[in-house]
Amino acid sequence: APTLFTPKTQPSTYSVLTAKITGKHSGVAVIKLDSFRLNVSFDFEAHPDSYGVPGSEFTAVDITQLTVNEITDVNGKSYNDFTEFEDIRNINGLLKGFIERNKLVEA
Numbered sequence: 333a334p335t336l337f338t339p340k341t342q343p344s345t346y347s348v349l350t351a352k353i354t355g356k357h358s359g360v361a362v363i364k365l366d367s368f369r370l371n372v373s374f375d376f377e378a379h380p381d382s383y384g385v386p387g388s389e390f391t392a393v394d395i396t397q398l399t400v401n402e403i404t405d406v407n408g409k410s411y412n413d414f415t416e417f418e419d420i421r422n423i424n425g426l427l428k429g430f431i432e433r434n435k436l437v438e439a
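What follows is the structure in structure tokens.
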């Protein structure tokens, strides 16, 4: 019988716990990555956008830089940064959506 491919790990789950805009193009956030908390800082660009119909205008956000400042587990124990490119890409997308949905910035 053929062997089934089993990935070693489950896909990671991400969520934004808090996000705060701290400057014209910068902010900080706490991201939950599986059972870890990531304290991150980020830079962004914002520009007006729309879905092409009147009344659908919104401020689009692009995360241009993301820095993981600290990683802790549920007990507050610190860990070295173990994030990979894919984690950063997913976190950037999550932050972009969170900022746009909650209208945290205006272009």
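For any residue, its number in the numbering used here is found by taking its place in the sequence shown, counting from 1, and adding 332.
Heads up, the beta-carbon is just placed ideally off N, CA and C, and yes, glycines get one too.
Scanning 390, 370, 396, 389 for the CA closest to the CA of residue 377 turns up 396.
In the structure shown, the three-state DSSP call for residue 428 is helix. Judged by beta-carbon spacing, residue 393 lies within the 8 Å limit of residue 432, meaning their Cβ atoms are closer than that value. Just so you know, the alpha carbons of residue 413 and residue 362 end up roughly 14 Å apart.
Counting only runs that start and end inside the segment 341-377, there is no alpha helix (DSSP H) element of at least 4 residues. Burial state of residue 424 is buried, judged by a 10 Å Cβ sphere holding 16 or more other Cβ atoms. Straight across, the Cα-Cα distance linking residue 370 with residue 382 is about 32 Å. Residue 427 counts as buried, since no fewer than 16 other beta carbons sit within 10 angstroms of its beta carbon.
Straight through space, the alpha carbons of residue 388 and residue 360 are spaced by roughly 27 Å.
Straight through space, the alpha carbons of residue 415 and residue 352 are spaced by roughly 21 Å.
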